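Numbering (my numbering), first residue to last: 712 to 849.
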């Protein structure tokens, strides 16, 4: 009897842990530098971003920090993949691009299941455009 009760308790706790883990927000992190640009850019700048996918997998938010750009930031985006050697189309515009260092954000934004699948497949990228590199510096 005690063995069955113990087994049922373990199964119940395992199901609880799995259900709480499966419903947690998911975070994706990325580093930014000029080598990743297309074509590569010799930039002293760098940065990092954290994208958060909500528990329902219907909204994302993004926060990036960057510094050391060779010229002032003029724009920033999340792109999806294009053909090899070609920059992909813009998915989402980021706010806060200015100066040679700062913070970029994306307020809670709706995403589709297909976009979530592309995000998980690493088909998205972030880039920051500057006055010297209009196609993207990092």
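Yeah, the Cβ is synthetic: ideal placement off N, Cα and C, and Gly gets one too. Predicted model only: the values in this text are computed from it and were never measured.
Nearest to residue i (by Cα), restricted to the options the options
i, options, result
"residue 809", "753, 739, 771, 842", "842"
"residue 785", "750, 804, 822, 797", "804"
"residue 782", "745, 769, 794, 830", "745"
"residue 834", "792, 770, 799", "792"
"residue 760", "738, 821, 748", "738"
"residue 839", "830, 769, 774", "774"
"residue 819", "741, 751, 771, 742", "771"
"residue 765", "846, 844, 821", "821"
Between the CA atoms of residue j and residue i - distance to the nearest angstrom
i, j, result
"residue 801", "residue 767", "24 Å"
"residue 813", "residue 735", "29 Å"
"residue 828", "residue 763", "14 Å"
"residue 836", "residue 798", "10 Å"
"residue 754", "residue 795", "22 Å"
"residue 778", "residue 832", "28 Å"
"residue 788", "residue 749", "14 Å"
"residue 776", "residue 826", "24 Å"
"residue 742", "residue 751", "15 Å"
"residue 811", "residue 769", "33 Å"
"residue 747", "residue 830", "17 Å"
Coarse secondary structure for residue i, derived from DSSP in three states
i, result
"residue 736", "coil"
"residue 827", "helix"
"residue 812", "coil"
"residue 741", "strand"
"residue 795", "coil"
"residue 746", "helix"
"residue 758", "strand"
"residue 805", "coil"
Bridge partners - residue i, DSSP secondary structure assignment
i, result
"residue 784", "841"
"residue 772", "763"
"residue 821", "770"
"residue 849", "None; residue 849 has no bridge partner."
Nearest-angstrom beta carbon gap, residue j and residue i [assumed within contact, 8 Å]
i, j, result
"residue 757", "residue 848", "Not confirmed; about 10 Å, so no contact."
"residue 806", "residue 816", "6 Å"
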